[in-house]
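**Student:** This is the structure I have questions about; it appears just below.
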Amino acid sequence: MSEIKLGSKVKVHYIGKFKDGKEFDNSVKRETPLEFTIGDGKVLRDFENTVRNMGIGDKKTVDISSDNAYGDYKPEAEIKVDRKDFPEEFRFIIDERIQGNTKSGKAASATIIEVTKKQVTLDMNHPLAGKDLNFEIELLEIEK
330 MSEIKLGSKV
340 KVHYIGKFKD
350 GKEFDNSVKR
360 ETPLEFTIGD
370 GKVLRDFENT
380 VRNMGIGDKK
390 TVDISSDNAY
400 GDYKPEAEIK
410 VDRKDFPEEF
420 RFIIDERIQG
430 NTKSGKAASA
440 TIIEVTKKQV
450 TLDMNHPLAG
460 KDLNFEIELL
470 EIEK
């Protein structure tokens, strides 16, 4: 059995659910495992720590509170932007996640939550902010 250590590349399948059991993500249905390197900070710490204690073929479940996942929902992260700041042909769709750049040029993503004739209200929170998460994880592969 291979041992997982810092720098190991792993492949996992996972099913992400909210407390109420509603699914928000599923790599099994997509048939695309999640690949990441232990210690690279690309996945939630509690998710990674669970994987670190698994062997190939193991299945585990981990509950991650919102404060250990994507943090609390922050109402102040809802911002109003002039509609004219968007390209003329832009289609505004409520609840759609969009990508763009801040005025300083930094990449940003947001969810459109309201559109008026003059302004667009964007929610800059992560879509899973304020949510407690549950993951069912299966370790598929460990690379050295």
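Numbering of the sequence shown is given in my numbering, commencing with residue 330 and proceeding in unit increments. Note that beta-carbon positions come from the ideal geometry of N, C-alpha and C, so glycine has one too.
1. Just grab the DSSP bridge partners of ASN397 for me.
2. According to DSSP, simplified to helix, strand and coil, what is PHE419?
3. Could you tell me the alpha carbon to alpha carbon distance between ARG426 and LEU469, rounded to whole angstroms?
4. Closest by CA to ASN454, which one among PHE415, LYS413, ALA406 and LYS447?
5. Based on DSSP bridge pairs, tell me the residues matched to ARG426.
6. In this structure, does DSSP put ASN454 in helix, strand or coil?
7. In terms of alpha-carbon separation, which member of ARG420, ALA439, ASP354 and ARG359 lies closest to LEU451?
8. From this set, GLU443, PRO456 and ILE471, which residue's C-alpha is nearest ARG420's C-alpha?
9. Rounded to a whole number of angstroms, what is the C-alpha to C-alpha distance between ASP507 and ILE441?
10. Use the C-beta contact count for GLU352: other C-beta atoms within 10 angstroms, 16 or more gives buried, fewer gives exposed.
11. Residue range of the beta strand (DSSP E) that ASN355 falls in?
12. Find out if the Cβ-Cβ distance for the pair ILE367, LYS334 is shorter than 8 angstroms.
13. Can you give me the C-alpha to C-alpha distance between ASN397 and LYS358, rounded to a whole angstrom?
**Tutor:** Looking at the coordinates:
1. Paired residue(s): none; ASN397 is not in a bridge.
2. In this structure, PHE419 counts as coil in the three-state DSSP scheme.
3. The alpha-carbon atoms of ARG426 and LEU469 are separated by roughly 30 angstroms.
4. The residue from PHE415, LYS413, ALA406 and LYS447 with its alpha-carbon nearest to that of ASN454 is ALA406.
5. Beta-bridge pairing links ARG426 to THR440.
6. Correct three-state label for ASN454: coil.
7. Put simply, of ARG420, ALA439, ASP354 and ARG359 the residue whose alpha carbon is nearest the alpha carbon of LEU451 is ALA439.
8. Checking every option, the nearest Cα to that of ARG420 belongs to GLU443.
9. Absent from the model: residue 507. The displayed extent of the chain is 330 to 473, so no value can be given.
10. With fewer than 16 other Cβ atoms inside 10 Å of its own Cβ, GLU352 counts as exposed.
11. 352-355 is the extent of the beta strand (DSSP E) around ASN355.
12. Yes.
13. So the alpha carbons of these two residues sit roughly 26 angstroms apart.
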